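Numbering (our numbering), first residue to last: 109 to 347.
Note that the Cβ used here is the ideal one computed from N, Cα and C, for glycine as well.
Since the model is a prediction, treat every value here as computed from it, not as a measurement.
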Amino acid sequence: MTAAGRAEPAAKDASFAIRYAAIEVPADTAPAPSPPFAGPLDGPSAPAKPESPMSRSDALAYYRALIEKEAGRQGLAPAIAEAVMAVESGYNPGAIGGVGEIGLMQILPSTARMLGFTGSNAELAMPENNIRYGVTYLAQAWRLAGGDLCTATMKYRAGHGETRFSHLSVNYCLAVRSKLFARGFPVTGSVPVATFGKPAGLGGGCGQKCLRAAGIGRVDLAGLNTRLNTLVMQVRGAR
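Below, the structure is given as structure tokens:
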């Protein structure tokens, strides 16, 4: 997810293509997601954390409980938020995008700060924080889009200020729609035609290998913070 109004960088496009390919792994063959990070929950009504170690089904149930809580607060259908999370990270809380997107909802630190987050990058990777700010940003996109699914997901992916559809934004919407169809969620609206960008060759042999490379089941907060800091330094050095 890029910050509002920014052009889509090539690194972001490549990052999305890798994640899109990775989520095509069947659920019964994918490694189990990591247990939720240890850390304070936001408010007394937050769902209770299951004890580690967790099965894949336990982790998904925990993420869904967090989504339902936050989506309910924001007036967004939880199924839409979960579909976006599935496309963004494949349910991997340790996912890091090509331009620094973090966690389950692949939210940028700058976007989270814009929404009021004041913690570290490692804290932003915690599922409860990541889902809170990711769903908040998605709900804002949904309202700006007037409830149109493809426009909302485009604005979540490319920034609230974007009004055009790239090929990757169209593919992104198709991926979200397919997740919703699979869960029996009623999907309405049309799929727009891309007006810029190049068609992406998605699914280029990545699949389960990408999920394994992402380190699902082996998330280390200290290591994650080091990787994030290194990425920030690389981005700054390239300017």
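What does the Cβ neighbour count give for residue i, buried or exposed, with the cut at 16 atoms within 10 Å?
i, result
"G198", "buried"
"P186", "buried"
"L212", "buried"
"P217", "buried"
"A169", "exposed"
"A290", "exposed"
"G202", "buried"
Between the alpha carbons of residue i and residue j, how many angstroms are there, rounded?
i, j, result
"A194", "A233", "15 Å"
"E270", "T261", "11 Å"
"L223", "S165", "30 Å"
"R251", "P300", "18 Å"
"C258", "R272", "11 Å"
"F293", "E231", "32 Å"
"G206", "R181", "30 Å"
"E196", "Y171", "14 Å"
"V295", "F225", "32 Å"
"Y280", "S286", "10 Å"
"L282", "G305", "16 Å"
"N200", "A249", "23 Å"
"C318", "N229", "Annotation note: pLDDT 34 at C318 (below 50); position unreliable, no value reported."
"I204", "S163", "22 Å"
Whole-angstrom Cβ separation of residue i and residue j, contact assumed at under 8 Å?
i, j, result
"A247", "L184", "4 Å"
"D256", "G297", "5 Å"
"A189", "V243", "5 Å"
"G227", "N237", "7 Å"
When the distance is taken between beta carbons, is residue j closer than 7 Å to residue i?
i, j, result
"Y241", "I215", "yes"
"H275", "P307", "yes"
"V278", "A302", "yes"
"V284", "A191", "yes"
Using a Cβ distance threshold of 8 Å, determine whether the segment 171-178 contacts the segment 263-283, with at least three qualifying pairs required. no
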